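Student: As they're listed, the protein sequences go chains A and B.
With the first letter of the first sequence counted as 1, position 110 gets the number 110 in the working numbering; the numbers rise by one all the way through.
Position in the second sequence (first residue = 1) + 395 = the working numbering.
By construction, the Cβ of each residue, glycine as well, lies at the ideal position given by its N, Cα and C atoms.
Just so it is clear, the structure is predicted and the values come from calculations on it, not from any experiment.
Before I ask anything, let me first share the structure, which is written out below as structure tokens.
Protein chains: 2
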Amino acid sequence: MDYKFTESIASLAPSAIREILKYSSVPGMISFAAGNPSPEAFPIKDIERITQNILQKNPITALQYSITEGYGPLRDTMKQYMKEKWNSFGENDELIITSGAQQVMDLMTKAFVEKGDTIICEKPTFIGSLNAFRSYGANLVGVEIDDDGMNIDSLEKALNENRNAKFIYTIPNFQNPSGVTMSLEKRKAIYALAKKYGVIILEDNPYGEIRFAGKDIQTIKSLDTDGLVVYAGSFSKVLSPGMRVGYAIGDKRIIAKLTVCKQTSDVHTTALSQMITDEFMKTVDFEKHLQNIRAIYRKKANLMMDLMDEYFGDKITYNKVEGGLFIWCKLPKQVDMMDFCTKAVKDKKVALVPGTAFLINENEECHEFRTNYSTPTEQQLIEGMQKLGELVKEI
Amino acid sequence: MDYKFTESIASLAPSAIREILKYSSVPGMISFAAGNPSPEAFPIKDIERITQNILQKNPITALQYSITEGYGPLRDTMKQYMKEKWNSFGENDELIITSGAQQVMDLMTKAFVEKGDTIICEKPTFIGSLNAFRSYGANLVGVEIDDDGMNIDSLEKALNENRNAKFIYTIPNFQNPSGVTMSLEKRKAIYALAKKYGVIILEDNPYGEIRFAGKDIQTIKSLDTDGLVVYAGSFSKVLSPGMRVGYAIGDKRIIAKLTVCKQTSDVHTTALSQMITDEFMKTVDFEKHLQNIRAIYRKKANLMMDLMDEYFGDKITYNKVEGGLFIWCKLPKQVDMMDFCTKAVKDKKVALVPGTAFLINENEECHEFRTNYSTPTEQQLIEGMQKLGELVKEI
Chain A
1 MDYKFTESIA SLAPSAIREI LKYSSVPGMI SFAAGNPSPE AFPIKDIERI TQNILQKNPI
61 TALQYSITEG YGPLRDTMKQ YMKEKWNSFG ENDELIITSG AQQVMDLMTK AFVEKGDTII
121 CEKPTFIGSL NAFRSYGANL VGVEIDDDGM NIDSLEKALN ENRNAKFIYT IPNFQNPSGV
181 TMSLEKRKAI YALAKKYGVI ILEDNPYGEI RFAGKDIQTI KSLDTDGLVV YAGSFSKVLS
241 PGMRVGYAIG DKRIIAKLTV CKQTSDVHTT ALSQMITDEF MKTVDFEKHL QNIRAIYRKK
301 ANLMMDLMDE YFGDKITYNK VEGGLFIWCK LPKQVDMMDF CTKAVKDKKV ALVPGTAFLI
361 NENEECHEFR TNYSTPTEQQ LIEGMQKLGE LVKEI
Chain B
396 MDYKFTESIA SLAPSAIREI LKYSSVPGMI SFAAGNPSPE AFPIKDIERI TQNILQKNPI
456 TALQYSITEG YGPLRDTMKQ YMKEKWNSFG ENDELIITSG AQQVMDLMTK AFVEKGDTII
516 CEKPTFIGSL NAFRSYGANL VGVEIDDDGM NIDSLEKALN ENRNAKFIYT IPNFQNPSGV
576 TMSLEKRKAI YALAKKYGVI ILEDNPYGEI RFAGKDIQTI KSLDTDGLVV YAGSFSKVLS
636 PGMRVGYAIG DKRIIAKLTV CKQTSDVHTT ALSQMITDEF MKTVDFEKHL QNIRAIYRKK
696 ANLMMDLMDE YFGDKITYNK VEGGLFIWCK LPKQVDMMDF CTKAVKDKKV ALVPGTAFLI
756 NENEECHEFR TNYSTPTEQQ LIEGMQKLGE LVKEI
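Structural data, given as structure tokens:
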């Protein structure tokens, strides 16, 4: 039988990048291509203790159907946390627990975006979000990123030209893949534009808590007095991605609709994961845990940047990072980026992600690639960068 | 700010039934309205042992990102199980692990149904699936159910009149809410019609393994030689709904597309849940476990049916059940069903689900209500039925 998929889904084809990433599983491959948290950052003993405790004391709650909004105690914990630490839970807001932050992108698009409606994104941006938007047939419009975040003139131009824009999607902290953090000034400017044009801001903040240098900047959500911002949070980078626990904060009316959408998607997020997360927040010193994680990433990021200085010289430039998981590197214009990445993976057994993966149009000119320092070991960082150094000599 | 949701989502409003179900949390309420498995049916000790073992021996796999298709060992286990026990995994098939079977309905609709395309459903049918279909703007067409499953003439008429039908949705075993099991003859007839009209069958089988009387009937999937059937399986009723583990089996090309869709929805299903499920299937005698569950439900179902015979007399009729979780009851035509259910919950503190909840058009004439015997205790079954008996005397 010939199957006829919907137009939006039929065009969600595996990309050229996936072809390159296939080599990642070759024995001896060093992967700088992943986006996984460091295995050393998992609080294994705490999770083991907490899980045993839950299954002994409260097994039925962990195993039975739960409500779509999320496990009550965890919702309360996160409302309080986000209010006290980040001033990001307002009096008209609600919070829903989701199956990872990825589900927030899915539900927001489902709730707001008719086929052909516009979503304004940073350019480049996270491929997982782009594909969620694409899966609903959204019209994607990219806005360039300066050193301090989205270019405001380009954003206003995009809003002007796309009156069917439903939301502005941004990763304000340690943006994936560019590593850029948006300045407070720009956060205010974007908020003002969103208000002017009556467009929602979808603030995706998976990396905000893993800042290992510099100072925290307040969230866009904390500026929100008009119910304009939906904030997506995640435990994937600070606790465990395998547990699939994220959350969304926004105006009550929006969260109510996201709840209806979630009910038809997966009924509720795994109950045990939610209970483990809540107990972790309640019984472990979360700030100290974050400090441990930040120390791991600081060390690895600094190591990779030192190695880049040593092996890339002035041939490849990169953005210094103060947090997150990624470094965005730029090749000279005369070097073919895809060719460089292909040689890296085939000849040097080092996997990188070609920058085109993060573009709305993968065929656009692009000289960047993304590296990750959280997944590889220090030894792998050293070896991999040495091998990339050999390749750099050839260009 | 005024929010503008998509047309399909804006119309997914809380229904009249939800208003009634709100009373369910009133103290002293006996709920026959839920669809939860019996807490006694959870193998708590096994899950506790298995979980501890996983977190001690293989914590990183449980906590790290996993692949979208699902945990490899569990996929292999289920392919073998479904092939050997149910002959329901063909040589062109693949299997994807989903976040409950609800996600299969979501992904199938996303992959196949453009706004306005038709899905043919049993009438009545599971509200969770109806809402998943509605959330993508599907045109829903209902087909009456006879004592042995979908009416074949009505189905052919529906297929004839709706040439944009993308799939036929059926729950062939212990259908929710009607309790009806489709005969083998009808399964063959539906398959033949699907083939004739080039339409996929979405076979939803959450209750198939909890047959406590009568004989198993082969799945529609086992008849599939043309890649026409997508089978949705679930661990919610046989292990734990809180873990959110389901799966879909279908032609490789379909499962590949569902995988792309799932990646944008929630990346992957909770890793720990998948590992627990796999270890349960491998280290526990699953058939014996099913026998235990069936014994629990047989006892409760028989008790509820005996009580119905006693208290309903010939005023309310019901379908005898051989499995599943629900009994479908029919009031005399002159009794207002919604009024009866409202009185039950308000005056007698017994929650029922009005049959209209399971209709495509909730305003259609309906004299049925659904009861559930798996969630209440035996004591609650007795008390609740006594109270309903008082109400029955008044009609």
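What residues from chain A crowd round glutamate 509 of chain B, counting only those whose CB sits closer than 8 Å?
Tutor: Along the second sequence, one-based indexing puts residue 509 of chain B at 114. Those are Thr6, Glu7, listed as they occur along chain A.
Student: Would the segment 539-556 of chain B count as touching the segment 771-789 of chain B if we require 3 or more Cβ pairs under 8 Å?
Tutor: The segment 539-556 of chain B, when compared against the segment 771-789 of chain B, does not touch it at the 8 Å Cβ threshold.
Student: Is there a Cβ of chain B sitting closer than 8 Å to that of phenylalanine 42 of chain A, yes or no?
Tutor: Residue mapping note: residue 42 of chain A aligns to position 42 of the first sequence, counting from 1. Yes, phenylalanine 42 of chain A lies at the interface with chain B (some Cβ there is under 8 Å from its Cβ).
Student: From lysine 743 of chain B to leucine 783 of chain B, what does the alpha carbon distance come to, in whole angstroms?
Tutor: Stepping through the second sequence from its first residue, residue 743 of chain B is reached at position 348. Stepping through the second sequence from its first residue, residue 783 of chain B is reached at position 388. Taking the straight line from one Cα to the other gives about 7 Å.
Student: Using a Cβ-Cβ distance under 8 Å, would leucine 12 of chain A count as near chain B?
Tutor: Numbered from its first residue, the first sequence carries residue 12 of chain A at position 12. Taking Cβ atoms only, chain B reaches closer than 8 Å to leucine 12 of chain A, which makes this a yes.
Student: How many angstroms separate the CA atom of lysine 166 of chain A from the CA atom of phenylalanine 112 of chain A?
Tutor: Indexing the first sequence from 1 puts residue 166 of chain A at position 166. Indexing the first sequence from 1 puts residue 112 of chain A at position 112. Approximately 7 Å between the Cα atoms of the pair.
Student: Report the three-state DSSP secondary structure of glutamate 509 of chain B (helix, strand or coil).
Tutor: Residue mapping note: residue 509 of chain B aligns to position 114 of the second sequence, counting from 1. Correct three-state label for glutamate 509 of chain B: coil.
Student: Quick check on glutamate 656 of chain B - is its C-beta less than 8 Å from some C-beta in chain A?
Tutor: Locating residue 656 of chain B in the second sequence gives position 261, where the first residue counts as 1. Residue identity differs from the one stated: residue 656 of chain B is cysteine in this sequence, not glutamate. It does; some Cβ of chain A falls within 8 Å.
Student: Answer with yes or no whether the minimum CB distance from leucine 55 of chain A to chain B is below 8 Å.
Tutor: In the first sequence, residue 55 of chain A corresponds to position 55, counting from 1. With 8 Å as the cut-off, leucine 55 of chain A counts as an interface residue toward chain B.
Student: Would the segment 100-110 of chain A and the segment 72-79 of chain A be scored as touching if the rule is three or more Cβ pairs under 8 Å?
Tutor: Flag = no, the segment 100-110 of chain A and the segment 72-79 of chain A do not touch.
Student: Take glutamate 209 of chain A and list the residues in its own chain whose beta-carbon comes closer than 7 Å to its own, dropping the five residues that flank it on each side.
Tutor: Position 209 of the first sequence holds residue 209 of chain A. Closer than 7 Å at the Cβ level, and outside the excluded window around glutamate 209 of chain A, lie Val238, Leu290.
Student: Tell me the DSSP bridge mates of cysteine 724 of chain B?
Tutor: The sequence position of residue 724 of chain B within the second sequence is 329, counting from 1. Cysteine 724 of chain B is bridged to B:Tyr713, B:Phe764.
Student: Can you pull the chain B neighbours of tyrosine 65 of chain A, defined as C-beta to C-beta under 7 Å?
Tutor: In the first sequence, residue 65 of chain A corresponds to position 65, counting from 1. Here the neighbours are Asn431, Pro636, Gly637.
Student: Along chain A, which residues have their Cβ under 8 Å away from the Cβ of isoleucine 442 of chain B?
Tutor: Your numbering for residue 442 of chain B matches position 47 in the second sequence. In chain order: Leu55, Pro59, Leu63.
Student: Would you call the segment 200-209 of chain A in contact with the segment 158-177 of chain A, where contact means no fewer than 3 C-beta pairs closer than 8 Å?
Tutor: With a cut-off of 8 Å, the segment 158-177 of chain A and the segment 200-209 of chain A count as touching, because enough Cβ pairs lie within range.
Student: Suppose only complete runs of 3+ residues qualify. What are the beta strand (DSSP E) ranges in the segment 531-581 of chain B, listed by chain order?
Tutor: List check, beta strand (DSSP E) in window: 534-541, 560-565.
Student: Taking 8 Å as the cut-off, decide whether the C-beta atoms of aspartate 266 of chain A and aspartate 673 of chain B are in contact.
Tutor: Within the first sequence, the letter at position 266 stands for residue 266 of chain A. Within the second sequence, the letter at position 278 stands for residue 673 of chain B. No, the pair does not count as a contact, with Cβ atoms beyond the cut-off.
Student: For the pair the segment 605-616 of chain B and the segment 679-697 of chain B, tell me if three or more CB-CB distances fall below 8 Å.
Tutor: Output reads yes: the segment 679-697 of chain B touches the segment 605-616 of chain B.
Student: Contact defined as beta carbons within less than 8 Å: I believe leucine 407 of chain B pairs with asparagine 526 of chain B. What is the distance between those atoms, to the nearest angstrom?
Tutor: Indexing the second sequence from 1 puts residue 407 of chain B at position 12. Indexing the second sequence from 1 puts residue 526 of chain B at position 131. That pair is a contact at about 6 Å.
Student: Residues of chain B with a CB under 7 Å from the CB of proline 39 of chain A: which are they?
Tutor: Locating residue 39 of chain A in the first sequence gives position 39, counting from the first residue. Chain B residues near proline 39 of chain A: Ile455, Gln459.
Student: According to DSSP, is lysine 632 of chain B part of a helix, a strand, or is it coil?
Tutor: In the second sequence, residue 632 of chain B corresponds to position 237, counting from 1. In this structure, lysine 632 of chain B counts as coil in the three-state DSSP scheme.
Student: Where does glutamate 378 of chain A sit, in a helix, a strand or coil, going by DSSP?
Tutor: As a first step, residue 378 of chain A is located in the first sequence; it is residue number 378 there, counting from the start. Glutamate 378 of chain A: helix per DSSP, three-state reduction.
Student: With 7 Å as the C-beta to C-beta threshold (strictly closer), list the residues of the segment 93-109 of chain A near chain B in chain order.
Tutor: Taking 7 Å as the Cβ-Cβ cut-off against chain B, the residues of the segment 93-109 of chain A that qualify are Ser99, Gly100, Gln102, Gln103, Asp106.
Student: Which residues bound the alpha helix (DSSP H) around glutamate 705 of chain B?
Tutor: Against the second sequence, residue 705 of chain B aligns to sequence position 310. Run containing glutamate 705 of chain B: 681-707, per the alpha helix (DSSP H) assignment.
Student: Taking the alpha helix (DSSP H) that isoleucine 54 of chain A falls in, what are its first and last residues?
Tutor: Numbered from its first residue, the first sequence carries residue 54 of chain A at position 54. Looking at the DSSP string, the run of the alpha helix (DSSP H) that includes isoleucine 54 of chain A is 44-57.
Student: According to DSSP, is threonine 98 of chain A helix, strand or coil?
Tutor: Counting from one through the first sequence, the residue named residue 98 of chain A turns up at place 98. If DSSP states are grouped into helix, strand and coil, threonine 98 of chain A belongs with the strands.
Student: Using 8 Å as the cut-off, can you tell me whether the segment 452-468 of chain B makes contact with the segment 614-628 of chain B, which would need three or more C-beta pairs spanning the two stretches below that distance?
Tutor: Contact fails: fewer than three Cβ-Cβ distances are below 8 Å.
Student: For lysine 657 of chain B, count neighbouring C-beta atoms within 10 Å of its own C-beta (all shown protein chains included) and say buried if the count is 16 or more, exposed if not.
Tutor: Sequence index remark: in the second sequence, residue 657 of chain B carries index 262 (1-based). By the neighbour-count rule (16 or more Cβ atoms within 10 Å), lysine 657 of chain B is buried.
Student: Are any of the Cβ atoms in chain A nearer than 8 Å to that of leucine 623 of chain B?
Tutor: Taking the second sequence and counting its residues from 1, the one referred to as residue 623 of chain B is at position 228. Judged by the 8 Å Cβ criterion, leucine 623 of chain B is in contact with chain A.
Student: Pick helix, strand or coil for serine 433 of chain B, following the three-state DSSP scheme.
Tutor: If you number the second sequence from 1, residue 433 of chain B lands on position 38. If DSSP states are grouped into helix, strand and coil, serine 433 of chain B belongs with coil.
Student: Any heavy atom of the ligand ATP inside 7 Å of the beta-carbon of serine 99 of chain A?
Tutor: Looking for the ligand ATP in the displayed structure turns up nothing, as the structure carries no ligands at all.
Student: Would you report the Cα separation of proline 601 of chain B and alanine 256 of chain A, rounded to the nearest angstrom?
Tutor: Taking the second sequence and counting its residues from 1, one reaches residue 601 of chain B at position 206. Taking the first sequence and counting its residues from 1, one reaches residue 256 of chain A at position 256. So the alpha carbons of these two residues sit roughly 28 Å apart.
Student: Decide if the segment 38-47 of chain A is in contact with the segment 450-465 of chain B; the criterion is three or more beta carbon pairs, one per stretch, under 8 Å apart.
Tutor: They touch, by the three-pair rule.
Student: In or out: valine 180 of chain A buried (at least 16 other Cβ within 10 Å) or exposed?
Tutor: For the purposes of this step, residue 180 of chain A is taken as the residue at position 180 of the first sequence. Buried, by the Cβ-count rule.
Student: At the 8 Å Cβ level, is asparagine 139 of chain A part of the contact set with chain B, yes or no?
Tutor: Position 139 of the first sequence, counted from the start, is the residue given in the question as residue 139 of chain A. For asparagine 139 of chain A, the answer is no, since every Cβ of chain B falls outside 8 Å of its Cβ.
Student: Counting only the same chain and skipping the five closest in sequence on each side, list residues whose C-beta sits under 6 Å from that of tyrosine 768 of chain B.
Tutor: Along the second sequence, read from residue 1 onward, the residue named residue 768 of chain B stands at position 373. Result list for tyrosine 768 of chain B: Lys695, Ala696, Met699, in chain order.
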